[in-house]
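Below: one structure, written as structure tokens.
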Amino acid sequence: MKILIINGPNLNLLGTREKSVYGTRSFDNYFEELKTAFPDLELEYYQSNIEGELINKLHEVGFSYKGILLNAGAYTHTSIALADAIAAIETPVIEVHISNVYAREEFRHKSYISKNCKGCIVGFGLEGYRLGLIYLNNLRPKTVGFAYKNA
Numbered sequence: 001m002k003i004l005i006i007n008g009p010n011l012n013l014l015g016t017r018e019k020s021v022y023g024t025r026s027f028d029n030y031f032e033e034l035k036t037a038f039p040d041l042e043l044e045y046y047q048s049n050i051e052g053e054l055i056n057k058l059h060e061v062g063f064s065y066k067g068i069l070l071n072a073g074a075y076t077h078t079s080i081a082l083a084d085a086i087a088a089i090e091t092p093v094i095e096v097h098i099s100n101v102y103a104r105e106e107f108r109h110k111s112y113i114s115k116n117c118k119g120c121i122v123g124f125g126l127e128g129y130r131l132g133l134i135y136l137n138n139l140r141p142k143t144v145g146f147a148y149k150n151a
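Listed below in structure tokens is the structure:
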């Protein structure tokens, strides 16, 4: 089962950026742990600081993968285009945030993408990705013609 983890702007700096908010571990190291913890899943990782590249990646995999974990970073709070891209695809998307965005600045309290996501995982640090994978791993079609959007 193919699952893509997408990280948006500035998340390439995990481990060095605002350690009090995001911790000291790099995502590359954590991703290796995830692959070991979920050997039955075909995990892929993609990161970009560019909104259009994130949209292109969603379009590319959004009809063939079984799930997407998306941490859109600051684009969560600003990008209608990203919200539209999520709405346009069939693959279920789980919104993930490392920090509790609702305990931070007011402008981070609004998510444009949430309404188009299957669910949201917020504030559990990097472990939020593991929680998303547990959910997607258990999201199995029960009948012929199963559609994730209608599940």
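Numbering (the UniProt record's numbering), first residue to last: 1 to 151.
Each residue gets a CB set at the ideal place from its N, CA and C atoms; glycine is no exception.
Cα-Cα separation between residue i and residue j, rounded to whole angstroms
{"i": "T78", "j": "S111", "result": "8 Å"}
{"i": "Y80", "j": "I121", "result": "According to the sequence as given, residue 80 is Ile; it is not Tyr. In a straight line, the C-alpha of I80 is about 20 Å away from that of I121."}
{"i": "L65", "j": "R25", "result": "Just to set this straight, residue 65 is Tyr in the shown sequence, not Leu. For Y65 and R25, the distance between alpha carbons rounds to 27 Å."}
{"i": "E127", "j": "E33", "result": "11 Å"}
{"i": "R17", "j": "S99", "result": "13 Å"}
{"i": "I68", "j": "P92", "result": "6 Å"}
Which residues DSSP lists as bridging residue i, in chain order
{"i": "V96", "result": "I121"}
{"i": "E44", "result": "L4"}
Host beta strand (DSSP E) of residue i (start-end)
{"i": "G67", "result": "G67 to N71"}
Coarse secondary structure for residue i, derived from DSSP in three states
{"i": "L139", "result": "coil"}
{"i": "S20", "result": "helix"}
{"i": "E90", "result": "coil"}
{"i": "E33", "result": "helix"}
{"i": "F146", "result": "Confidence at F146 is low in this model, with a pLDDT of 41, below 50, so the placement of that residue is unreliable and no value is reported for it."}
CB contact check: residue i to chain B, cutoff 8 Å
{"i": "E42", "result": "Here chain B cannot be found, since the structure has a single protein chain."}
Start-to-end residues for the alpha helix (DSSP H) that takes in residue i
{"i": "H59", "result": "E51 to V61"}
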